[in-house]
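Colleague:
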Amino acid sequence: MTSTTSNPLWSRRERPLRLECRLEFPDYPATRDFLDRAAALSERTGVHPDISFGRTYVNLTLPADEGATELGESLCRFANDIEALYR
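Going by my numbering, the residue at position 72 of the sequence shown is 76; the numbering climbs one at a time, nothing skipped.
1) Can you give, in chain order, each stretch of the alpha helix (DSSP H) that sits fully within the segment 12 to 76 and has at least 4 residues?
2) Out of Leu39, Pro20, Asn84, which has the shortest C-alpha to C-alpha gap to Glu74?
3) Compute the distance between the beta-carbons of Arg17 and Pro67, then report whether it is under 7 Å.
4) Are the beta-carbon atoms belonging to Leu39 and Cys25 less than 7 Å from one another?
5) Return the residue from the list Val51, Thr35, Arg36 that minimises the CA-CA distance to Arg81.
Laid out in structure tokens, this is it:
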């Protein structure tokens, strides 16, 4: 796993294995802009997180493949790319 495990933005969860994060934004336009950029990233990478959002937040879950005991490289890379979009 890459640096996502040591970054406080993402939390590793077990049963089922996944990464989760909650991102906060100052207003809806900032939230919407992030969602648009995250959607473009998903299309480019083929990684499609579970997303829920409100006016000023986005929750993301990146589930590992069923039965996996480690997070895949593509999920870790996607998590790092999301961090870059958020910063």
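The beta-carbon is built from N, C-alpha and C at its ideal position, and this holds for glycine as well.
Modeller: Answer, in terms of the structure:
1) 32 to 49
2) Position 70 of the sequence shown holds residue 74. Answer by Cα proximity: Pro20.
3) As a first step, residue 17 is located in the sequence shown; it is residue number 13 there, counting from the start. As a first step, residue 67 is located in the sequence shown; it is residue number 63 there, counting from the start. No, the Cβ-Cβ distance between Arg17 and Pro67 is not below 7 Å.
4) Here residue 39 corresponds to residue number 35 of the sequence shown, with the count starting at 1. Here residue 25 corresponds to residue number 21 of the sequence shown, with the count starting at 1. Contact flag unset, no.
5) Taking the first residue of the sequence shown as 1, we reach residue 81 at position 77. The option with the nearest alpha carbon to Arg81 is Val51.
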